[in-house]
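Student: Protein chains in written order, with the numbering used here: chain A, 1 to 133; chain B, 134 to 266.
Every residue gets a Cβ at the ideal spot worked out from N, C-alpha and C, and that includes glycine.
Protein chains: 2
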Amino acid sequence: MMFTTKTEYGLKAMVILAKATSKEPVSLTQISKQEHISQAYLEHIFAKLKANDLVKSIKGVSGGYVLARTPKQINVFEIVEALEGPLAVFYCMSHENDSVACNAKGCLTKQVWYELQKNIIKTLRKFKLADLV
Amino acid sequence: MMFTTKTEYGLKAMVILAKATSKEPVSLTQISKQEHISQAYLEHIFAKLKANDLVKSIKGVSGGYVLARTPKQINVFEIVEALEGPLAVFYCMSHENDSVACNAKGCLTKQVWYELQKNIIKTLRKFKLADLV
DNA sequence: ATATAACCAAGTAAGTTAGTAGGAGTTTAA
DNA sequence: TTAAACTCCTACTAACTTACTTGGTTATAT
Chain A
1 MMFTTKTEYG
11 LKAMVILAKA
21 TSKEPVSLTQ
31 ISKQEHISQA
41 YLEHIFAKLK
51 ANDLVKSIKG
61 VSGGYVLART
71 PKQINVFEIV
81 EALEGPLAVF
91 YCMSHENDSV
101 ACNAKGCLTK
111 QVWYELQKNI
121 IKTLRKFKLA
131 DLV
Chain B
134 MMFTTKTEYG
144 LKAMVILAKA
154 TSKEPVSLTQ
164 ISKQEHISQA
174 YLEHIFAKLK
184 ANDLVKSIKG
194 VSGGYVLART
204 PKQINVFEIV
214 EALEGPLAVF
224 YCMSHENDSV
234 ACNAKGCLTK
244 QVWYELQKNI
254 IKTLRKFKLA
264 DLV
């Protein structure tokens, strides 16, 4: 039960963008050097962040990435979901309609996983990017 | 970010043992048929449950498994940890001493993962096996 | 004795992770 | 107008993990 390095690196990178208060974009080269993460790998991460409207990109020389919203308006759950995909602690939790996976009589254990999932989301949503600068 | 099927099946199996109030052990054949889980796979799961002192085994005819403690005395976190190994939402969270993984200045993001981990454990510990029968 | 159980050691197909590699398109500054 | 510094895009891959299966051995109640 682990998150991937994409999320680990992704949040660190987002904090860097949040710290760059000026409107100057931050390039992946900079982040790569600062955090010792492969630049090519960061590209994958930022592709997802951009697809989920968490960052904006500026091409060309002195280009890079900026946050799409203010650090106060971005919470950690959004970042996690952008990089991990929809959160589901079990396969059966991601297919509510799919009644085959769980027993007909309603699997008793599901309530545990449901509550756990709710709690994880709540905890991650509580943290705004602004809390981490 | 998912738990494995070992935990999914394992908790279901533990609930079955909890329901078998009589001192009669429950065999893997029974559980396998009831939950439609491969018996051979259940063996792996029960090997871990036994190694973590959550169940006791009785060999031979009309043998099987019984809970090592009462359902009130077993919580879901114990079962999860037995089957998933020590909980760590990131690799760096499982090696507190290992300072290489995180930046020297103390990674700001770590507090998020620390709080998340704490919350997951708290939620899972809250549920006793007795709550699920 | 035999059936029924736990126990044990390997192997394995499929999927995921954590990257690399190589290039194409954009924009700015000299 | 050319070079450099960027993003962007597709494809590939080694290593690892997951979710099993297979083929046994050992213990015990009847």
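#1: Which runs of the alpha helix (DSSP H), 4 residues or longer, sit entirely within the stretch 139-182 of chain B?
#2: Tell me the DSSP bridge mates of G64 of chain A?
#3: Around the C-beta of K145 of chain B, are 16 or more other C-beta atoms found within 10 angstroms, so that it is buried, or is it exposed?
#4: Can you pull the chain A neighbours of V159 of chain B, defined as C-beta to C-beta under 8 Å?
#5: Quick check on DSSP: helix, strand or coil for N185 of chain B?
#6: Between the stretch 73-83 of chain A and the stretch 117-127 of chain A, do at least 3 Cβ pairs fall closer than 8 Å?
#7: On a Cα-Cα basis, can you pick out the residue from B:Q206, B:V159 and B:Y247 that is closest to I259 of chain B?
#8: For K261 of chain B, which residues does DSSP report across the bridge?
#9: How long is the line joining the alpha carbons of K183 of chain B and E141 of chain B, rounded to whole angstroms?
#10: Report the three-state DSSP secondary structure of T123 of chain A (helix, strand or coil).
#11: Use the C-beta contact count for P25 of chain A: other C-beta atoms within 10 angstroms, 16 or more gives buried, fewer gives exposed.
#12: Hey, how far is the Cα of A130 of chain A from the Cα of K6 of chain A?
#13: Which same chain residues end up closer than 7 Å to G10 of chain A when comparing Cβ atoms and leaving out the 5 residues on each side of it in sequence?
#14: For E176 of chain B, would you say it is in contact with chain A, using Cβ-to-Cβ distances shorter than 8 Å as the test?
#15: What does T203 of chain B touch in chain A if you count any residue whose Cβ is under 7 Å from its own?
#16: Using the three-state DSSP reduction, which class does C240 of chain B fall into: helix, strand or coil?
#17: For T109 of chain A, does the count of other Cβ atoms within 10 angstroms reach 16, so buried, or fall short, so exposed?
#18: Please determine, among A:S38, A:E115 and A:V66, the residue with the shortest C-alpha to C-alpha distance to L87 of chain A.
#19: For Y91 of chain A, return the contacting residues in chain B, with the cut-off set at a CB-CB distance below 9 Å.
#20: Can you tell me which of the three DSSP states M1 of chain A falls into?
Tutor: Once the coordinates are examined:
#1: 161-168
#2: Counting from 1 along the first sequence, the entry for residue 64 of chain A is found at position 64. In the DSSP output, where bridge partners are listed per residue, G64 of chain A has A:I58.
#3: Along the second sequence, read from residue 1 onward, the residue named residue 145 of chain B stands at position 12. It counts as buried.
#4: On the second sequence, residue 159 of chain B is found 26 positions in, with the first residue counted as 1. Here the premise fails: no neighbours, minimum Cβ distance about 16 Å.
#5: By one-based count along the second sequence, residue 185 of chain B stands at place 52. If DSSP states are grouped into helix, strand and coil, N185 of chain B belongs with coil.
#6: yes
#7: Position 126 of the second sequence holds residue 259 of chain B. According to the sequence displayed, residue 259 of chain B carries Lys and not Ile. Checked all of B:Q206, B:V159 and B:Y247; the closest Cα to K259 of chain B is B:Q206.
#8: As a position in the second sequence, residue 261 of chain B is number 128, starting the count at 1. Note: K261 of chain B sits in a beta bridge opposite B:N208.
#9: Locating residue 183 of chain B in the second sequence gives position 50, counting from the first residue. Locating residue 141 of chain B in the second sequence gives position 8, counting from the first residue. Each residue's alpha carbon lies about 17 Å from the other.
#10: One-based indexing of the first sequence puts residue 123 of chain A at position 123. DSSP places T123 of chain A in helix when its eight states are reduced to three.
#11: For this step, residue 25 of chain A is matched to residue 25 along the first sequence. Result: buried.
#12: If you number the first sequence from 1, residue 130 of chain A lands on position 130. If you number the first sequence from 1, residue 6 of chain A lands on position 6. Between A130 of chain A and K6 of chain A, the C-alpha separation is close to 20 Å.
#13: Taking the first residue of the first sequence as position 1, residue 10 of chain A is located at position 10. Closer than 7 Å at Cβ, skipping near neighbours: I45, L49, I79 and L83.
#14: Along the second sequence, one-based indexing puts residue 176 of chain B at 43. Closer than 8 Å: no.
#15: On the second sequence, residue 203 of chain B is found 70 positions in, with the first residue counted as 1. Near T203 of chain B there are no residues of chain A at all, since even the closest Cβ is about 18 Å away, more than 7 Å.
#16: Mapped onto the second sequence, residue 240 of chain B falls at position 107. Coil at C240 of chain B, not helix or strand.
#17: Reading the first sequence from its first residue, position 109 is the one you call residue 109 of chain A. So T109 of chain A ends up on the buried side.
#18: Here residue 87 of chain A corresponds to residue number 87 of the first sequence, with the count starting at 1. Minimum Cα distance to L87 of chain A is reached at A:E115.
#19: Position 91 of the first sequence, counted from the first residue, corresponds to residue 91 of chain A. What Y91 of chain A touches in chain B: M135, T138 and E141.
#20: Here the question's residue 1 of chain A lines up with position 1 in the first sequence. Reduced to three states, the DSSP call for M1 of chain A is coil.
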